[in-house]
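Peer 1: The opening position of the sequence shown corresponds to residue 132 in this note's numbering, with each subsequent residue numbered one higher.
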Amino acid sequence: MQTHRFPVVCSTLLIAACFSMTAHADVEWTAPEGVTAISFDQDALSQLGLQISRSNNASSATPLGRATLGFDGASPIRLYTENGSIKSFDSNRIQHASGIHIAKGDSELYVLDFQLELPSSISLNNVGRESGNEVAAFVLNPMKVGFDIERQKLLAEGMEVVISEALAKALNDASLAGQSVGTFTMEAELAWVGGDRPAPRPEVGTERGGNGGTVCGLPGTDVIVGDLIDISNYSSLNGMEAFAVGTTSCNIGSENLQWVASTNEHPVIAQNMYRLKDGRYEQIGQSWLKHGFTALTQNVCGCGCSGQGGSVLGVGCSDPYCCGLNGSQARLGPRWEVNAHTGFYPYPFTNGDQGSTGDSTYKRLQVPITDLDPAQDGGGTYFVEGQYIAADDATAGNGDNNASYRQITMSGSGTNWSADLASTTQREQPGIRAWQDNDPSVVETDVRIPNEGLVILAAKSTDLGGGMWHYEYAVQNLNSDRSIRSFSVPIDSTATVTNIGFHDVHSHSGEPFDQTDWPGSFSGASVSWSTDSYSTNTNANAIRWGTMYNFRFDANRPPQATQVSLGIFKPGTPSAVLAATTGPTGIIDCNTNGIDDNLDLANGDSQDCDANSIPDECQSFIDVPIEAIEVASGLSAPVGVTAPPGDPDRLFIVEQNSGQIKILKNGSVLGTPFLDIGALASSGGERGLLSMAFHPNYASNGFFYVDYTDNSGDTVIARYTVSGDPDIANPASALTILTIDQPFSNHNGGQLQFGPDGYLYIGTGDGGAADDPANRAQSLGSLLGKMLRLDVDAAAPYIPSGNKYGDEIWSVGYRNPWRFSFDRLTGDMYVGDVGQDAREEIDFEPFGAPSGLNYGWDCREGLIPTPTSSGGYGCVATDPDLVDPILDVRHSGDPTHPGFICSIIGGYVYRGCDIPSLHGTYFYADYCGNWIFSIKYDGTTVTEQTNRTSELGPLSSIVAFGEDGLGEMYIVA
């Protein structure tokens, strides 16, 4: 076995000022203690046939994932700084106290006295030593060296640890030379030993000149791209050229920005390329994300650097990452893991297939050569963009100014293309802004996704002559995690539309996203494009953050001010947003809400049952007699019916006492239950299997949820999954979501519904007995007498943001909400809350209402003080903050509702298409009264109160209403 002294040297080094000095004389430092760490890529080592370990005994060698080597304090390095910059190293080799063992087949060696060699001067002419000859074992390419003045540390980062020719020769395999096997970091304790003592400059907030003037010192952390500093290209592969763009970040805010390499508290850096040609502005390339390591303390943005660097980017400070660092493949992570709205990503991040780093384009800024070569489809004016994403910046609300762009020039031929910087960096301006900056006829619109990220729309209309116009749109998603899945432009339905086109930028290097182009079509009164829905394909080709897509068409309609619709990809509220821009004439607005009727229909804000592209509310439908037709019988205490979203063929029936869910299909109840949990559920009285709800994405995930009383008498909310047979659930798939203690056997509530926000709502009774003896309905320490809201797509305990009290509670003050529902068109909630001695009530909660509303029980019953009140719980019946019911029905002698009344049965707002004259009509019933009524409610006034009993009866003991997948209504009795 050979024994060598092998230093490690760097071939590309970035040296920059990391602190500022008040004196101009040399300052001398030493680094007596520190640690060098090489993280070896085991996949790369395996492919190269290399084994690296700490042991010098090959038979007992333990493979190293990370070599951590402490300094030998006997020979510390010394360095000098002048005017805040590294001037030179006096002693520039770091001696380590241990070494490593390297083996390749029968060839092996032990690297003793492992050394790290830093440059003796800025010119960088480094060599190592082996038996008197100058050699190097590994090359660090590139390397960044910096100071953390607060912690008095010297920091270094090598993006690729590359095998040198000398090491390859020693291992008898010349092909090893140049192979990347890992990444490198070094952290050393600094000690001041001579010259003037360093002192950081005081924090200064000044206004920056250039690009309109960026104001420094605004509240919070605020990272921007202060400059795009250099650009490099790499060997092309398979028709793709690869580039890397250097970026300088600036913290122009009032607080330090976290820059901790070993956690997810550091920024990530995206690089993009755009092209302007023939009136079209397109994104033609994107990169993976450079993960920050250490922050320097320059002052590029002129804000007055505080001198704090290393693990933070100090107030006013700037930090450069040259193109070599941003293009180094080893520390590039994927975009798909990053939520650009919150700045969150997992750590450690996915590093990709490091065996592919031999691919010169892998993870770098990839651009098709066809977009560069004028002989193909290239030419035009090119731009590059850098963007920083950071969690603390997002928390401060400063995430919208994190991108900057710069013009570049392109040259080359064949398969070799290079770029050069031109003009100046346009700070705080994302790439899409270059279109209007170079063409003032372009119309720009900032589109905020409510409570989320920023999307930017740009549009241009061009007169083609002969009565034809070209419409060109670009949509850049700057930082929305919810993303964009559809784009629709309203137009007169009689227009002539041609040349519908689409352009996107492709992800690469293992990003999981679909690359399918969005199909475009002219139908009804719009030109529209869309990709798959989130429920169909979570990796659909949506406009993700940091990407820009284009939409175009020609039409024989001149431009005017209009509103286009952008559909949102990930579930949430709203599902679409409107943006004012330019577009063809021809908007039709029959309901005078200022929105094109086609957009009302596309966004689900209007119905079109007769498929004539006219919202139903703009038409008159003839009132027709209604009747109830029996569709199933012979059931065991049915208490609910429902269907999966969009399923027109099946109805799922919940049986309370048997604990079974049965399917009505093709007019018959199937013999085999969909689910049977009779052994788990107690029954009798108000207990049993009480409800089920299908997940909004049931078609893709197969999840549904049940509410039942277990054998201990407690309420259980559980998730089940459908089996391979769509008509049979998997009984072994149960996952308990929530268990609620029930002190008595009655008032269990039991309704489950998914709201328009995608969350699961659960109605709970007050726990039973009479008069709510423990005042649970008003107690925030109890889940009883409440409306609960859960995010079942999150981890336990499934608490969504927006719940006022930070737990499961959405609203309070219910006695026994026996059946509630959401209007499938408006999202409004209707609740039938069963009364006690005197009143029944229907409660209403408009879509978008805040959490924490109080519906009054047990302080009052309906609109009156509770006749047998036990004293209430922190409220009185006259409290103006209590929400009044929209209907207050007397148990006897009610002027509108006949007979003896005892238990209100909440129903649904009719949104089916069989009886369009009933659209917007809410149905409800009473268990004892055996009647069915309907009303309309506009958010203020109840109208059209109608007794439907003679039309739909006679029916007795009505217990529930339900809807099928198309919105048609059912009665359970």
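Think of the CB as a built atom: it goes at the ideal place given N, C-alpha and C, for glycine as much as any other residue.
Could you tell me the distance, in whole angstroms, from the CA atom of Tyr-680 to the CA atom of Ala-198?
Peer 2: The alpha-carbon atoms of Tyr-680 and Ala-198 are separated by roughly 45 Å.
Peer 1: Answer with buried or exposed for Gly-464, where buried requires no fewer than 16 other C-beta atoms within 10 angstroms of its C-beta.
Peer 2: So Gly-464 counts as buried.
Peer 1: Under the assumption that Ser-1134 contacts Ser-831 (Cβ atoms under 8 Å), give the Cβ distance between them as a whole number of angstroms.
Peer 2: Here the chain has residues from 132 to 1104 only, and residue 1134 is not among them.
Peer 1: Just to confirm my understanding: we take Tyr-936, look at its own chain, exclude 5 residues before and 5 after, and list those with CB closer than 6 Å. What are they?
Peer 2: Hits under 6 Å: Leu-911.
Peer 1: Please go through the same chain and pick out, in chain order, the residues whose beta-carbon is closer than 6 Å to the beta-carbon of Thr-556, but skip the five residues on each side of it.
Peer 2: Answer for Thr-556: Asp-358, Leu-359, Ser-535 and Arg-537, listed in chain order.
Peer 1: Here's a check: name, in chain order, each residue in its chain whose Cβ is nearer than 6 Å to the Cβ of Tyr-412, leaving out the five neighbours to either side.
Peer 2: Trp-566 and Ala-605.
Peer 1: Between Ser-614 and Asn-608, which are expected to be in contact by the criterion C-beta below 8 Å, what is the C-beta distance as a whole number of angstroms?
Peer 2: Yes, Ser-614 and Asn-608 are in contact; Cβ-Cβ is about 6 Å, under 8 Å.
Peer 1: Assign Trp-566 to one of three DSSP states: helix, strand, or coil.
Peer 2: Here Trp-566 sits in helix by DSSP.
Peer 1: Which residue comes first and which comes last in the alpha helix (DSSP H) that contains Ser-177?
Peer 2: Start and end: 173 to 179.
Peer 1: Pick out the complete alpha helix (DSSP H) segments inside the stretch 1015 to 1097, 4 residues or longer, and give them in chain order.
Peer 2: Runs of the alpha helix (DSSP H) inside the stretch 1015 to 1097: 1080 to 1083.
Peer 1: Work out the CA separation of Ala-905 and Ile-726 for me, nearest whole Å.
Peer 2: Taking the straight line from one Cα to the other gives about 51 Å.
Peer 1: Cβ atoms of Ala-392 and Phe-424: under 8 Å apart, would you say?
Peer 2: It is a contact, given that the beta carbons lie within the stated cut-off.
Peer 1: With a 10 Å radius around its C-beta and 16 neighbouring C-beta atoms as the bar for buried, classify Lys-300 as buried or exposed.
Peer 2: With fewer than 16 other Cβ atoms within 10 Å, it is exposed.
Peer 1: Identify which residue in Cys-1059, Ile-539 and Thr-1077 has its Cα closest to the Cα of Ser-1065.
Peer 2: Taking only the C-alpha atoms, the option nearest Ser-1065 is Thr-1077.
Peer 1: How about the stretch 768 to 787 and the stretch 813 to 822: do they share at least three Cβ pairs that are nearer than 8 Å?
Peer 2: Enough Cβ pairs lie closer than 8 Å, so yes.
Peer 1: Between which two residues does the beta strand (DSSP E) containing Cys-381 stretch?
Peer 2: Cys-381 -> beta strand (DSSP E) spans 371 to 382.
Peer 1: Does the beta-carbon distance from Ser-619 to Ala-710 come in below 8 Å?
Peer 2: Taking 8 Å as the Cβ cut-off, Ser-619 and Ala-710 do not qualify as a contacting pair.
Peer 1: With three or more C-beta pairs closer than 8 Å as the rule, is the stretch 487 to 507 touching the stretch 577 to 596?
Peer 2: The stretch 577 to 596, when compared against the stretch 487 to 507, does not touch it at the 8 Å Cβ threshold.
Peer 1: Tell me whether Met-1100 sits in a helix, a strand or coil according to DSSP, three-state version.
Peer 2: Here Met-1100 sits in strand by DSSP.
Peer 1: Which of the three DSSP states is assigned to Gln-460 in this structure?
Peer 2: If DSSP states are grouped into helix, strand and coil, Gln-460 belongs with the helices.
Peer 1: Tell me, which residues are paired with Ala-812 by DSSP?
Peer 2: Ala-812 is bridged to Asp-841.
Peer 1: Around the C-beta of Thr-629, are 16 or more other C-beta atoms found within 10 angstroms, so that it is buried, or is it exposed?
Peer 2: When all chains shown are included, Thr-629 counts as exposed.
Peer 1: Does the pairing of the stretch 924 to 934 with the stretch 959 to 978 give three or more beta-carbon distances under 8 Å?
Peer 2: Taking 8 Å as the limit for Cβ pairs, the verdict is that the stretch 959 to 978 does not touch the stretch 924 to 934.
Peer 1: Tell whether a beta-carbon distance below 8 Å holds between Ser-308 and Glu-296.
Peer 2: Reading off the sequence, residue 308 comes out as Ala, not Ser. Yes, these two residues count as a Cβ contact at 8 Å.
Peer 1: If we ignore side chains and look at the alpha-carbon of each, how far apart do Thr-576 and Gly-562 end up?
Peer 2: Using only the alpha carbons, I get a separation of about 14 Å.
Peer 1: Decide yes or no for the touch test of the stretch 365 to 377 against the stretch 491 to 500: beta carbon pairs closer than 8 Å, at least 3 of them.
Peer 2: Touching, yes, given that three or more Cβ pairs across the two stretches are closer than 8 Å.
Peer 1: Which word fits Glu-1075, buried or exposed, when buried means at least 16 other C-beta atoms lie within 10 angstroms of its C-beta?
Peer 2: The residue is exposed, with fewer than 16 neighbouring Cβ atoms inside 10 Å.
Peer 1: Beta-carbon within less than 6 Å of Tyr-1110's beta-carbon, same chain only, minus the 5 sequence neighbours each way: which residues are those?
Peer 2: Look at the range of the chain in this structure, 132 to 1104, and you will see that residue 1110 is not part of it.
Peer 1: Within its chain, find whatever has a CB closer than 6 Å to the CB of Pro-948; leave out the 5 residues flanking it on each side and keep chain order.
Peer 2: Excluding sequence neighbours, Pro-948 sits near Gly-880, Gly-894, Val-962 and Asp-964.
Peer 1: Would you call the stretch 645 to 652 in contact with the stretch 433 to 444, where contact means no fewer than 3 C-beta pairs closer than 8 Å?
Peer 2: Flag = no, the stretch 645 to 652 and the stretch 433 to 444 do not touch.
Peer 1: Within its chain, find whatever has a CB closer than 7 Å to the CB of Gly-343; leave out the 5 residues flanking it on each side and keep chain order.
Peer 2: With a pLDDT of only 44 at Gly-343, under 50, the local geometry of the prediction cannot be trusted, and no value is derived from it.
Peer 1: Give a yes or no on whether the C-beta atoms belonging to Gly-979 and Leu-1013 are separated by under 8 Å.
Peer 2: Their beta carbons are not under 8 Å apart, which means Gly-979 does not touch Leu-1013 by this criterion.
Peer 1: With a Cβ-Cβ cutoff of 8 Å, do Ala-763 and Leu-795 count as a contact?
Peer 2: For Ala-763 and Leu-795, yes; Cβs fall inside 8 Å.
Peer 1: I need the boundaries of the beta strand (DSSP E) containing Ala-525, first residue and last residue.
Peer 2: Careful: Ala-525 lies outside any beta strand (DSSP E), inside the alpha helix (DSSP H) at 522 to 526.
Peer 1: Contact between the stretch 313 to 324 and the stretch 155 to 170 is defined here as three or more beta-carbon pairs at a separation below 8 Å; is this criterion met?
Peer 2: Yes, they touch.
Peer 1: Helix, strand or coil: how does DSSP classify Thr-555 here?
Peer 2: Coil at Thr-555, not helix or strand.
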